[in-house]
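These protein sequence lines map, in sequence, to chains A and B. Using our numbering, the first residue of the first sequence is number -2, and each one after it goes up by one. Using our numbering, the first residue of the second sequence is number 14, and each one after it goes up by one. Note that the Cβ used here is the ideal one computed from N, Cα and C, for glycine as well. Computed from a prediction, not measured in an experiment: that's the story for all the values here. Written below as structure tokens is the structure these notes are about.
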Amino acid sequence: MATIHLAINGHSYPVDADPETSLLTVLREHLDLTGSKYGCGEGQCGACTVLIDGKAQRSCITKLATVAQKQITTIEGLAAGEQLHPVQEAFLDAAALQCGYCTSGMIMSAVALLKRNANPGKKDIVDFMDGNICRCGTYPRIVSAIQKAANAMNHSAAGKGAGR
Amino acid sequence: MTGKTMSTTAHNRSHDQLQLEPERYELTAAPPYRFDLDRREFFKFLGAGVLVVSVLPTAARAQESGGARQRRGDSLPKEIDAWLHIAEDGRITAYTGKAEMGQNIRTSLSQAVAEELHVPMDKIEMVMGDTQLTPFDMGTFGSRTTPTMNLQLRKVAAAACDMLIDLAAAQWKVDRSRLVADNGTVTDPQTKRSLDYAALTKGTQLTASLPAEDPLIPAAKWKVAGQSVAKVDGRDFVTGKHRYPSDQKLPDMLYGKVLRPPSFGAALLSVDTQQAEKLGATVVRDGNFIAVAAASSKQAADAVAAVHAEWKSEPQPSSKELFEYLRKNAVQGNDPSGDGDRFDVGHIDEALTSADHRLNGTFTVSYIAHVPLEPRAALAKWDGDNLTVWTGTQRPFGVRGQLAEAFRIPEDRVRVLMPDTGSGYGGKHTGETAIEAARLARAAKRPVKVVWTREEEFSWAYFRPAGVIDVTSGVRADGTITAWEFHNYNSGSAGIRTYYEIPNQRIVFHETQSPLRQGSYRALAATANHFARESHMDELAHAVKMDSLEFRLKNLKDERLRAVFEAAAKQFGWGKSKASGQGFGMGGGYEKLGNIATFAEVNIDRKSGDVKIVRVVSAFECGAIVNPDNLRNQIEGSNVQGLGGALFETIEFENGKILNGKLSQYRVPRFSDVPVLETVLLDRKDIPSVGAGECPMIGLAPAIANAIFDAVGVRLRSLPMVPDGLKMS
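Right under this line is the structure:
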């Protein structure tokens, strides 16, 4: 079994696993990065969502062999040290979780959305996030958290711009 | 007609519920168990400081500590349900057997302790759901945490605070009444002396059982309780740091996988495990239980796929014939299980005959699945004859009992820990995954983790009971309901009694055979019974040509229930005019001591049959509110989850197989299904706080059914109502 090197959260990890293994299994079992969750194994629930080259992907249906050359970001790599990402902050502010099992995937999807669209309307959010399931039913709070995060990020970007 | 004397639950407004609902089938399937705490051991473990233990009042012990099989709670061990320890270094730890799976009780219970002990929230640690460290608890279900555990912890904290004040008074030789406890410190305002709790507890070893009636801070004066405090460990959840049961890991751990039969009840004819063993897996064959453990989950899956087994399956009923089956297979005979499930008052037959209008209707509800996003998971480890299991369960002590029985070892050799879990909704009351992991761990002589796949969760857990409900009623032309006959087959008796004032009633719950394994589901049968009752109420209102709200209020005396109907109607704008395709409806009731009224607005596309839920307004009252924002979160969540069972969720099955047991085949509510949700909270500071995880769900389905009728004149009497859109023909 050849060693495959994965670039995750800015670190390089050597992985000895069958190239057919799912990225989710590699993250959870081989690297002990358990923030990405198993929910369905068929890309239907979004609990396993990670960023691959900045795009939201379902790691449960992504094979190890296909991500060797890619930049992978998981929930564990989102905060800058103690400084939470604005989307993480917004989820806390909006109390957009109950059991929290979907939260990692929701946050990663939301981060990907905001990379694509810095000012999403409610419909944009619903359309983009519709592949992520929250069984506790916190959807309206997640929509509001994403809007809060967008505002915070735009505000902060504007602030930086003014300072230049 | 067979039936029995219905006892107190359904119509009982008191806090002392002594009966478990019959639809909690999974609980009565397990044998009874009982555990006596050895307090001395625990005190030794805790060390010095101040310890207060709470002994449950007699009347409240039934659910919390009664034997599982005894629904009446006639086995009432003198039990402790919580304790609180203040260590010499000032650390405050509260211990409860309740479990956290998203209700946010870790936060709300911390608020209770902070309030009465006068300490900041961040000084408190809650130890929950660990059978070695926490007092016995029957389980986290039935919306019981807030009315019982919250109250008990408040009492324990208040007693601990009294002890600290006593310690200070003794040290300073002053009268205790002049001392004030605040912010983790006892102060004498006259001398300005003060000591923090750590200093006061240093070197002491004080223990106290809870005084019977310790005066508590009234809700109107709460400072920490009653506030929208954020989830205490929220940061761990948004960073992925929190370790759920399925995230647990131990050195040398193996991954387990169980070979599932092709259908329910299939008999094993032959099995060949040689190939699996050649792949290096540990293989266990113990009766019908065939499972493997291997170094990775992939190797385990490969090994289980390499097992060759032959099974014999029997023909079984299908979902197509479900409702006939339930009716035909009602349990006959007099009082077969010893449960009281019949209520009679007045003269129902005469009243039906003499009514101005008589109406009847049959309602059905499908089996649905809980679909907790985290499937069942367990990690088991043996040390000699001692077993430790980390698992996601609402009943850690119940699972401990099942493990002890499965391995024929005493319960004190089994420790079950419940890390905060990825939800349950009533679906995680049983310990099959824990037993599977423990059986494999014993064979492998290494720790083994078993995590069910989504497909396993859909097929091998249990379902919300399906049911058939017949309603027959009589009403006078002036809108007074005079007769009410209500039969529920299989779905359950929660919420079966009517809260409308009706002089003649016959209400019966009929047990039946069930084609599928079934058990508790959030709100139990209150969802089905309210769907039938509140839909039928609308039909009656139409029969006497009265406004739905006016008709309800005419027949309703209960002030708390009237208040939520009126509050929701006001917020909703009941009585406003509607456009074509638009419809308005309501449903409500009380359950688990809470009161809900739900109003829905729907929009129906007559051509496509597409039903859009546009807006839902809920008014809810559960006594004094402990955490308003978390309460809103629970109400919103109940409505969102309730949409699935109301509109499209249904389990299809045939010959012992689930036909739609994957998330790509079984539809649950998503972002795009969610209407505008508005919540009105009625804060009754004069009434003790009760739970909110279940009741808010029960008004939704009838509100939608009534709104659909209002929009297009089609009466839907089956849950789910529109799995394939609305048929207008």
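Applying the criterion that 16 or more other CB atoms from any shown protein chain within 10 Å of the CB defines a buried residue, is residue i buried or exposed?
i: A73(B); result: No answer about A73(B) holds up, because its pLDDT of 48 lies below 50 and its placement is not dependable.
i: A155(A); result: exposed
i: E39(B); result: buried
i: Q116(B); result: buried
i: N542(B); result: buried
i: L33(B); result: buried
i: A125(B); result: buried
i: R119(B); result: buried
i: P16(A); result: exposed
i: M741(B); result: exposed
i: H8(A); result: exposed
i: K236(B); result: exposed
Compute the beta-carbon to beta-carbon distance between residue i and residue j, rounded to the nearest angstrom, for a pair I have assumed lies under 8 Å.
i: I130(A); j: C99(A); result: 6 Å
i: V123(A); j: F684(B); result: 5 Å
i: V627(B); j: T611(B); result: Contact flag wrong, Cβ pair sits at about 14 Å.
i: L97(B); j: A112(B); result: Wrong, their Cβ atoms sit about 18 Å apart, outside the cutoff.
i: R489(B); j: D571(B); result: In fact, because the Cβ distance is near 21 Å, the residues do not count as touching under 8 Å.
i: D354(B); j: S506(B); result: 6 Å
What does residue i touch in chain A if you count any residue whose Cβ is under 7 Å from its own?
i: F250(B); result: L94, G97, T100
i: Y257(B); result: Y98
i: V639(B); result: Within 7 Å Cβ-Cβ: nothing; V639(B) doesn't reach chain A, min ~15 Å.
i: T466(B); result: G38
i: M114(B); result: C96
i: N616(B); result: The premise fails here: N616(B) is roughly 16 Å from chain A at the closest Cβ pair, so nothing lies under 7 Å.
Inspect the beta-carbon positions of residue i and residue j and report whether they are closer than 8 Å.
i: V727(B); j: E634(B); result: no
i: K34(A); j: S106(A); result: no
i: G197(B); j: D188(B); result: no
i: I85(A); j: I104(A); result: Reading the sequence as shown, one finds Gln at residue 85(A) and not Ile. Against a cut-off of 8 Å, the Cβ pair of I104(A) and Q85(A) comes out as a contact.
i: V461(B); j: A450(B); result: yes
i: D175(B); j: R191(B); result: no
i: A554(B); j: S561(B); result: yes
i: K254(B); j: A92(A); result: no
i: A53(A); j: T46(A); result: yes
i: A318(B); j: A307(B); result: no
i: P388(B); j: W465(B); result: yes
i: G594(B); j: A714(B); result: no
i: Q757(B); j: N640(B); result: A query on residue 757(B) cannot be resolved here, the shown segment of chain B reaching from 14 to 742 and no further.
i: V378(B); j: L656(B); result: no
Report the neighbours of residue i on chain B: residues whose CB is nearer than 7 Å to its CB, in chain order.
i: I72(A); result: T252, G253
i: A76(A); result: T252
i: V123(A); result: F684, S685
i: D13(A); result: In chain order: nothing, as chain B lies at least about 11 Å away.
Chain B partners of residue i, CB-CB under 9 Å?
i: K34(A); result: G253, Y257, S259, D260, L386, E387, G435
i: Q85(A); result: R248, V251, T252
i: T22(A); result: S309, S310, K311
i: V47(A); result: What V47(A) touches in chain B: nothing, since even the nearest Cβ is about 11 Å away.
i: L89(A); result: A243, K244, G247, R248, F250, V251
i: Y44(A); result: This sequence places Ala at residue 44(A); Tyr is not what is there. The contacting residues are L386, E387, G435.
Can you pull the chain B residues whose beta carbon is under 8 Å from the beta carbon of residue i, in chain order?
i: G118(A); result: Under the 8 Å cutoff, chain B gives no residues; its nearest Cβ is about 13 Å from G118(A).
i: M126(A); result: F684
i: R113(A); result: Those within 8 Å of R113(A) in chain B number zero; the least Cβ separation is about 17 Å.
i: G41(A); result: For clarity, residue 41(A) is Gln in the given sequence; the question names Gly instead. The answer, in chain order, is K675, L676, S677.
i: I104(A); result: V251
i: L81(A); result: R248, V251, T252
i: T59(A); result: Within chain B, no residue comes near T59(A); the closest Cβ sits about 15 Å away, beyond 8 Å.
i: T0(A); result: Correct list: empty, because the minimum Cβ distance to chain B is about 16 Å.
Name, please, each residue of chain A whose Cβ falls closer than 9 Å to the Cβ of residue i.
i: Q654(B); result: R132, C133, G134
i: M134(B); result: Correct list: empty, because the minimum Cβ distance to chain A is about 15 Å.
i: E649(B); result: G134, T135, Y136, P137, R138
i: D623(B); result: Result: empty, since nearest Cβ-Cβ is about 16 Å, beyond 9 Å.
Going along chain A, which residues have a C-beta under 8 Å from residue i?
i: N117(B); result: Q95
Task: Complete beta strand (DSSP E) runs within the stretch 176 to 217 of chain B (minimum length 3 residues, chain order) - done: List check, beta strand (DSSP E) in window: 193 to 195, 198 to 201, 206 to 209.
TODO: For the stretch 470 to 483 of chain B, enumerate the residues whose C-beta is nearer than 7 Å to any C-beta of chain C, in chain order.
DONE: Annotation note: the requested chain C is absent from the structure, which comprises protein chains A and B.
Task: Entirely enclosed alpha helix (DSSP H) segments - the stretch 446 to 476 of chain B, minimum 4 residues - done: Look at the stretch 446 to 476 of chain B and you find these whole runs of alpha helix (DSSP H), each 4 residues long or longer: 467 to 473.
Task: alpha helix (DSSP H) segments (min. 4 residues) lying fully within the stretch 259 to 335 of chain B - done: 287 to 291, 310 to 318, all fully within the stretch 259 to 335 of chain B.
Task: Every unbroken beta strand (DSSP E) within the stretch 85 to 117 of chain A, with a cutoff of 3 residues, ordered by chain - done: For the stretch 85 to 117 of chain A, not a single whole beta strand (DSSP E) run of length 3 or above is found.
Open item on the list: At 3 residues or longer, what runs of the beta strand (DSSP E) sit wholly inside the stretch 640 to 716 of chain B?
Closed with: With a minimum length of 3 residues, the unbroken runs of beta strand (DSSP E) contained wholly in the stretch 640 to 716 of chain B fall at 689 to 695.
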